[in-house]
Structures are given as structure tokens and as C-alpha cells.
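Numbering (my numbering), first residue to last: -17 to 210.
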């Protein structure tokens, strides 16, 4: 993906000619904008946070409407939930979360594994997690994320369907050819095609890079169950 093309498209949409003014609108320094262009790398989270009126699909593809809801009259903002997302307290209480029987490795990468379907898993009802959009549970194995997460903790996770940008510093469950990993994710400033996987227990588990192309699925950790 040509990130420079996306920047030029956004700059034109904002009717801006000055890079200094453009950087100010994006909430970054001009030197940061220059670095993005040189490395063909963009902090999409920063762009979307400061250009909320711009359609993501148009920005990435150049197709469709430039502005969100440009064909519709102004309305009050509402939250529209997907068909499988609870919309009431009673619905939340009915949602069950599958506990995937594959330990997420919170340590060194493990070998490859065969996937399982949610229907094959034990199901649990946890309204607090369902209300926050959790879709499955997975148990932690290892101590690399200690003290944030301990061996045996159960994590509630929300799948990220469109991997467009990352929330740097957040904890994710990553399904890759190296296994299922629980790590904080950071930007690899030397190579935009990689991410850096970081453990909280840095003394015993050094960071390592992972190609974005090796990410089969990505899920954000939104909660934890821990026994004392």
C-alpha cells in the first residue's frame, strides 16, 4: 500500500497546500510527517482520530464518497451494533463466550497449531465481557506478560477483522505461524512491514519482530479472569 498516496489524498480533501498546516491538522510535528513520507509508513490511528469526517474506505481506495454519510441528511449519532452484538441487558446475559482450548503462549513462540471452531469449545456466560464486545476466551500459558497476566489467567478477547492499524502499546492475542502469542505491540520504525512484540517481563523475555504478513488473526485483549 502506497502510504504517500493516502497522505496526498487526505491533504487534497482538506484543501491544504502547506505540509506545516497539514501536520498541525493531523496533530503531529512537520518532521513526523516528513518521516512518514520517507518511510512510507503512517500512524492510521492518529489520522482517523483527527479526520473523523473522512470515509476510511475512500481514504484507502479512492472510491466511494469522501465524507462519511455524505448521501444522507444529518442525524443524531447512534451506535449501530452488528447482528451478533448484544443490544440490551437481556441480550448480553444470553451471550456465551467460547473458551478456546489452545493456550496463548505468553512466553517464547511455540510451534504451529491446528485451528478449532467456536462450536467445538466450552461456552461461558460473562455479561460484563459480552457488553464490551468480547467474542472468545483464551487461557494464558507462561510468564512473559507477568505481572499484567499470569500463567493460567483467562483473557477475554475481541477479534480485529480489518487489520488496518494497530493501537501501539496495547496487548493483543496474535495467531501466527509461530503459534498463539500474547504480547504488547509496537511499531517497528525501521521496517513498516513488521511489528515489535514486547513482553511485560522484559528481563527474561526480550522483544522480537514479527512480519505483518505472518499475522493470521489479531484480537484485542479487553478483560481477564484470575484466580487468587
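Every residue, glycine too, gets a C-beta built ideally from N, C-alpha and C.
Quiz item: Residues in its own chain within less than 7 Å of residue 40 by CB, not counting five upstream and five downstream?
Solution: The beta carbon of residue 40 is closer than 7 Å to those of 46, 47 and 48 in its chain, skipping five residues each way along the sequence.
Self-check item: Contact check, residue 166 vs residue 180, beta carbons under 7 Å
Solution: In this structure, residue 180 lies closer than 7 Å to residue 166 by Cβ.
Practice problem: Classify residue 138 as buried or exposed, calling it buried when 16 or more other Cβ atoms lie within 10 Å of its own Cβ. | Solution: With 16 or more other Cβ atoms within 10 Å, it is buried.
Exercise. Rank 111, 81, 110 and 120 by C-alpha distance to the C-alpha of residue 104 and give the top, closest one.
Key: That would be 81, whose Cα lies nearest to the Cα of residue 104.
Exercise. Give the straight-line distance between the Cα atoms of residue 23 and residue 170, rounded to the nearest whole angstrom.
Key: Approximately 10 Å between the Cα atoms of the pair.
Exercise. Flag this pair as yes or no: are the beta carbons of residue 193 and residue 176 separated by less than 7 Å?
Key: Residue 193 places its beta carbon less than 7 Å from that of residue 176.
Practice problem: Measure the beta-carbon distance from residue 154 to residue 203 and round it to whole angstroms, keeping in mind my assumption that it falls under 8 Å. | Solution: That pair is a contact at about 7 Å.
Quiz item: To the nearest angstrom, how far is it from the Cα of residue 161 to the Cα of residue 26?
Solution: The straight-line gap from Cα to Cα measures roughly 27 Å.
Practice problem: Let me know the alpha helix (DSSP H) ranges lying completely inside the region 91 to 162, each 4 residues or longer, listed in chain order. | Solution: Fully enclosed alpha helix (DSSP H) runs of 4 or longer: 109 to 113.
Exercise. Could you tell me which of 178, 173 and 185 sits nearest to residue 129, measuring between CA atoms?
Key: Residue 129 has its Cα closest to that of 185, out of 178, 173 and 185.
Quiz item: Can residue 201 and residue 114 be called in contact, C-beta distance under 7 Å?
Solution: Cβ atoms of residue 201 and residue 114: not closer than 7 Å.
Practice problem: Determine the burial state of residue 126: buried for a count of at least 16 other Cβ atoms within 10 Å of its Cβ, exposed for fewer. | Solution: A buried status is given to residue 126, since no fewer than 16 other beta-carbon atoms sit within 10 Å of its beta-carbon.
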